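Visitor:
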Amino acid sequence: MKKGFVITIDGPAGAGKSTVAKALSHRLSYIYLDTGALYRVVAYKMIQVGISRENREQLEDLCPHIKINLKYLGGRMRVMVDDEDVTDKLRTEEIGLIASKVSAIPLVREILLQVQRESGKNGGIIAEGRDTGTVIFPHADVKFFMDATVEERVERRYRELLERGDRIDYQEIKRDLIRRDRQDRERKIAPLIPSADAVIIDTTRMSVTDVLETMISVIKSRQ
Ligand code: DC
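Heads up: the sequence shown begins at 76 in my numbering, then just goes up one per residue.
Now the structure itself:
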């Protein structure tokens with residue numbers, strides 16, 4: 076039996092997707108599927124095993140052997156890989172860049188697609204990522220595409236990393252973000268584009284609360 080809507084949130088890096096997806100899942104008591112974490116797991120495994128990002132052949136051999144298991148604790152997703160909980164090890168800039176690169180490989184997307192669909196089969200889910208509305212859940216009940224200017228997204232990323240106590244350089248973040256945008260938008264499969272039926276929200280001048288309230292009113296109008 077379906078436990079609620081399938082809601083997707085797509086958009087580029089730094090648009091505020093994960094903050095809003097977490098808050099929304101909490102508000103609706105839905106599970107929160109962080110799809111980026113799955114691509115990050117592949118990158119994490121590559122570093123652990125010692126495969127360079129250029130070595131596609133070795134990566135394709137490795138992929139089917141990565142055993143990913145998602146657990147939901149109080150609605151929050153934990154990523155288990157070969158019985159190790161790696162959730163808190165995935166949010167580094169290095170892993171983000173490798174994840175963006177490997178996400179252009181069809182085999183990687185195909186394997187991760189199954190894991191994601193499995194999580195959404197009963198509804199009651201906020202799926203957040205770059206292709207959740209276009210490819211993973213094309214029949215989602217409500218689709219959002221969050222965007223913001225490059226300057227605003229860099230600023231948010233900068234503040235986030237600063238709060239975490241990371242050593243960071245503003246220009247380096249800007250360069251990485253623009254590079255990641257280009258990689259994600261220009262790839263041949265599942266490029267970052269809004270689904271035709273998505274509600275586009277430009278969050279540049281909006282607070283998290285404003286975005287959340289906008290989304291809630293759209294969701295209510297679909298019920
Ligand atoms: O959202 P994130 O920064 O954790 O994602 C890391 C990379 O993974 C991103 O640059 C592209 C890829 N990704 C993707 O291709 N499709 C998704 N649904 C989510 C992430």
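The beta-carbon is built from N, C-alpha and C at its ideal position, and this holds for glycine as well.
None of these values were measured; they are calculated from a predicted model.
Near D85, which residues of its chain fall below 6 Å by C-beta distance, leaving aside the five closest residues on each side in sequence?
Guide: Contacts found: R205, T207, G208, F220.
Visitor: Between K142 and I253, what straight-line distance do the alpha-carbon atoms span, to the nearest angstrom?
Guide: Distance between the alpha carbons of K142 and I253 is about 32 Å.
Visitor: Please list the terminal residues of the continuous beta strand (DSSP E) segment that includes T284.
Guide: From DSSP, T284 is part of no beta strand (DSSP E) but of the alpha helix (DSSP H) over 283-297.
Visitor: Short of 8 Å in beta carbon distance, which residues of its chain neighbour I294, apart from the five on each side in sequence? Order them along the chain.
Guide: These residues qualify, in order along the chain: F80, I82, L103, V217.
Visitor: Use the C-beta contact count for L148: other C-beta atoms within 10 angstroms, 16 or more gives buried, fewer gives exposed.
Guide: Exposed.
Visitor: Quick check on L108: does DSSP put it in helix, strand or coil?
Guide: Three-state DSSP puts L108 in a strand.
Visitor: Under 8 Å between the Cβ atoms of R128 and I173?
Guide: Yes, the pair counts as a contact, with Cβ atoms nearer than the cut-off.
Visitor: Quick one: what's got a C-beta closer than 8 Å to V190's C-beta in the same chain, skipping five residues either side?
Guide: Around V190: L113, I143, L145.
Visitor: For L137 and I122, which I take to be in contact (beta-carbon distance under 8 Å), what is that distance rounded to the nearest angstrom?
Guide: About 12 Å separates the two Cβ atoms, so there is no contact after all.
Visitor: Whether or not the region 171-188 and the region 253-264 are in contact is what I'm after, with contact meaning three or more pairs of Cβ atoms, one per stretch, closer than 8 Å; do they touch?
Guide: Output reads yes: the region 171-188 touches the region 253-264.
Visitor: Excluding the five sequence neighbours on either side, which residues of its own chain have a C-beta within less than 7 Å of the C-beta of K249, listed in chain order?
Guide: Taken in chain order, the residues that qualify are V229.
Visitor: Would you call the CB atoms of T279 and A215 closer than 8 Å?
Guide: No; because the gap between Cβ atoms is not below 8 Å, this pair is not in contact.
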